[in-house]
Structure formats: C-alpha cells, structure tokens
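Working notes for the structure below.
The structure is reproduced here in structure tokens:
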C-alpha cells in the first residue's frame, strides 16, 4: 500500500484527494491541514457585506473524508525528505511514499513600521481574518480603509460601503484592478465605485502610519502627503490590507527542496527536485503560458488544474501543466468585469508590439428588459496576430466570455480566427445576430493592423 500525504487543505489539496482516491482506492491518503476549516476565500467580502453567515464560506470536511482519505487537523512542524517523514505538533509522525505540498500562501502587509500587529489592521485570507474583521465592526465603526484595489480589495470596499461605513480605497497603480484590465477598461469601474460612495485614490502608496500607545493605527500618511485620519483615534475603524500574498514555504527552509523567489520550483509535471514529491497551488513558482516567464498566479482557478496534473502524475500517468493565463472576474456593483492573459500595459512593459480592438453591444437584444452594455477589448501580437489577452465588462455573461477568450489564447487563436468566430443569438441572452462584441473587437484590430501595414508600405 502506497502512503500518500497531502500537506494543505485548500483547493489544490482537496482536488488531489478526490482524484487520488478515485484512481487508487487501495492507497492510504492522508491530508494534514492546520486550519480548522478550509475557506472559500473569494466569498469573504460577501460575509462582511451581510449576504450570508460565516459558516457558508467554510468548506465541509466531508469533501475530503467522503473520498476515504484521512483528515488530520494539525500543523506540520518539520519535513524530513531523507527519512520521508512529516513531524506534526500533536499527532506525531506521518511517513510517506509520495508527498504533495499544497501549503498555499498568506497575505503580506507593506513593510511599514506600526502596521503589522496593529489591533485595527487586518489581512483578508483565513477564517481567523474574517472573524477578526467581523469582531472589529461595532455600532461605533464609522470608517474603513482598504489598501490594494485588486479583486478582493474592491469587493471589500463595496462591502464596507454597503454597511454604511465611509470607505477609502487606496491603490499604488494608476488605476484599480491593474493585473486584470487596462486603464481604459478600469475607468467606468472607478466611476461606479465612486457612485457607491467609495473614495477611490489611485496612484498613491501608503508611506507611514500613526499609532497610539495601544497598537491602534489612528492615521495613514500617503505618498502625496495626504493624511487619512480615523475616527476617535481609530479604535472602532478598520484598515484592511489586500496587497498580495507570499507562499507558505518556511517549513522547507534549510531542506534540499528547491525554492525560488515566488515559491517551490516545479516542472510541468508539478514535480519538485526531490523524487516522489510534488507541489501545487499558491505555494508554487510557475510560468506564464504566453511567454514562459515566471509569473504571478495565486488563484484557486490555477491551483485546481495544477493539483489535477500533480495527482495524475503521482499515480503514474503523464500529464503536463501549461502555465498561467490568470483568467479572472469580479464585480463593481452590478457591473461584471474580467480579464485573461496579458493586458496591453503589460505587453508594453515587456516590449511586445500589439494591435488592439474593441467591440461593444448590449447583453441582450436592446429592446429586452435589463439589457446592459457589454464591452470587449482584445490584445493581439502585431507580428503574427496571435491573441495575447482579452478583457470585458458588462451587466452579465462576462465570466463566460473570459473563459472563451482563455481557451482562444491556449488554442493560439489569431485575429482572423476570432473574426470568423461562430456564435449563437437569442433575445434574452445575446445581442442581435448581426453583431458580436468579440468579433467586432477582432474586426477593429484587423482594420488597425491593415492601416498600420499600409502606412508602413506607403509612407507620406
């Protein structure tokens, strides 16, 4: 009997447990997880908003135990890759023949004196973080500051605003959602946030904090010299930081496991440099599907396919993970927004010449109730016309468009391919048969590419 240990109980660990037990029911599979419960991290803002209770974002342990895997709630304290044993705090030793490391990542706070350990400063990731934020919100709470305008940051800002708190959203980049969309696609979203009452401040960094003698932050100093003061010294106000994560790899420091700048180094089979040891999810360092360069990709939607590849290779099959595209979506009030692949801004930073197209329709036939605007942006490589990225916003069906564009990128689709895209049409679900926003964006990119080529051939 093979002894398999899964270190970590998030999306990667749960996915691997299911697949391993299904393919090798005779194997002994043990999951070691330090947390009381596995969290649905991206739903935390909606608990803060009050849409449902905290218990709704805690996954059932039955997801693991119903497979026949053993679940151990304990913290691993040491991994011995030579003796192939895992030491834990309360349950002793766990020998393994095969090991999957899926320890995830944790939020990071900006390296500003007085921020870490402050009583009214909270990261957003774990059940403990959620409990702390809920516990800090009192009848006297009047103000919330959110640092970081990524997906979770803007959703937290909306949650606080809907709870009636004066909310400020701070983002160092020139616009919100800088990893997801470009400035031209972000602008309408910022307008929506401001209409909701959120004070959106972009292009500003957090420079310093003012703290009282009891570890309470009472003021924030921004890079433009502004000071954000909190009510009554900040005791009942909240500062939430959603500014990135760091892989949980400290357990392996000093071992022979190869760790890179952004996580555990793995190959396309999700195998580490140690025989019989794989890794998947946020604890890993991996590369972009598009150009093969090391890229950020700490998303559950990346962790799941990584874990499937790892588990299939653990049972002796041959599978390979192709890399990050980071397709993702979020909401600003009733406006859905998403992106996949490279943004135009990232292409410019990488020195990639691109041609861009936009398309705009409504989400339903224009005369249908609740038809809303849908806008699509496509980014193509200029030399071969290959799709590098796509973005969309609208009142509905945005995530589905992003998924389609992700598939198009992975299939090496070109401008011509998307100009020839066949689509369906129905009054409640799409625009008229005469037009499709993706096709329109491709056609505009084609026209721009043709104009550019004509200008190069016939300069004035």
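Numbering (the working numbering), first residue to last: 1392 to 1851. Where is the CB? At the ideal position from N, CA and C, for every residue including glycine. Computed from a predicted model, the values in this text were never measured in an experiment.
Give the range of the alpha helix (DSSP H) segment to which residue i is assigned.
i            : result
residue 1404 : 1402–1414
residue 1741 : 1735–1741
residue 1443 : Neither: residue 1443 is in no alpha helix (DSSP H) and is coded neither H nor E.
residue 1492 : Careful: residue 1492 lies outside any alpha helix (DSSP H), inside the beta strand (DSSP E) at 1489–1492.
residue 1519 : 1518–1527
residue 1455 : 1453–1456
I need the boundaries of the beta strand (DSSP E) containing residue i, first residue and last residue.
i            : result
residue 1729 : 1726–1732
residue 1626 : Here residue 1626 belongs to no beta strand (DSSP E), and DSSP marks it neither H nor E.
residue 1383 : Residue 1383 is absent from the structure shown; the chain starts at 1392 and stops at 1851.
residue 1791 : Taken as a continuous stretch (DSSP letters only), residue 1791 belongs to no beta strand (DSSP E), being part of the alpha helix (DSSP H) at 1789–1801.
residue 1419 : 1419–1424
residue 1485 : 1484–1486
residue 1713 : That residue, residue 1713, is in no beta strand (DSSP E); it is neither H nor E in DSSP.
residue 1398 : 1394–1398
residue 1476 : 1476–1479
residue 1468 : 1467–1471
residue 1464 : 1461–1464
residue 1534 : 1534–1538
Confirm, please, whether the CB-CB distance from residue j to residue i is below 8 angstroms.
i            : j            : result
residue 1481 : residue 1507 : no
residue 1783 : residue 1793 : yes
residue 1800 : residue 1779 : yes
residue 1401 : residue 1694 : yes
residue 1454 : residue 1405 : yes
residue 1685 : residue 1653 : yes
residue 1697 : residue 1403 : yes
residue 1752 : residue 1828 : yes
residue 1816 : residue 1786 : no
residue 1596 : residue 1547 : no
residue 1631 : residue 1443 : no
On the DSSP bridge list, what partners appear for residue i?
i            : result
residue 1782 : 1730 and 1768
residue 1513 : 1631
residue 1746 : 1771
residue 1496 : 1638
residue 1618 : 1612
residue 1886 : Shown here, the chain extends from 1392 to 1851; a query on residue 1886 therefore has no answer.
residue 1751 : 1766
residue 1647 : None, per the DSSP bridge assignment.
residue 1720 : 1729
residue 1777 : 1805
With a threshold of 8 angstroms between beta carbons, is residue i in contact with chain C?
i            : result
residue 1765 : Note that chain C does not occur in the displayed structure, where there is just one protein chain.
(message) With three or more beta-carbon pairs closer than 8 angstroms as the criterion, would you say the stretch 1643–1652 touches the stretch 1470–1481?
(response) yes
(message) Suppose only complete runs of 3+ residues qualify. What are the beta strand (DSSP E) ranges in the stretch 1651–1707, listed by chain order?
(response) 1654–1656, 1668–1670 and 1675–1678
(request) For the stretch 1807–1851, list the alpha helix (DSSP H) runs that are entirely contained and at least 4 residues long, ordered along the chain. (result) 1828–1848
(request) Could you tell me whether the stretch 1514–1530 touches the stretch 1619–1632, where touching means 3 or more Cβ pairs closer than 8 angstroms? (result) yes
(request) Could you tell me whether the stretch 1481–1497 touches the stretch 1397–1405, using the rule of 3 or more Cβ pairs below 8 angstroms? (result) yes
(message) Please give the ranges of any beta strand (DSSP E) in the stretch 1545–1613, keeping only runs that are unbroken, at least 3 residues long and fully inside the region.
(response) 1557–1562, 1589–1593, 1597–1602 and 1608–1613
(message) Taking 8 angstroms as the cut-off, does the stretch 1718–1728 touch the stretch 1698–1705 (at least 3 CB pairs, one atom from each stretch)?
(response) no
(message) When you compare the stretch 1705–1714 with the stretch 1670–1689, are there three or more beta-carbon pairs, one atom per stretch, that lie closer than 8 angstroms?
(response) yes
(message) Does the stretch 1719–1739 come into contact with the stretch 1564–1571, if we say contact requires no fewer than three beta-carbon pairs (one atom in each stretch) closer than 8 angstroms?
(response) yes
(request) Please determine if the stretch 1614–1621 and the stretch 1577–1586 are in contact, where contact requires at least 3 C-beta pairs separated by less than 8 angstroms. (result) no
(message) With a threshold of 8 angstroms, are at least 3 pairs of Cβ atoms found where one atom belongs to the stretch 1824–1843 and the other to the stretch 1746–1754?
(response) yes
(request) Inspect the CB distances between the stretch 1585–1593 and the stretch 1534–1553 and report whether three or more fall short of 8 angstroms. (result) yes
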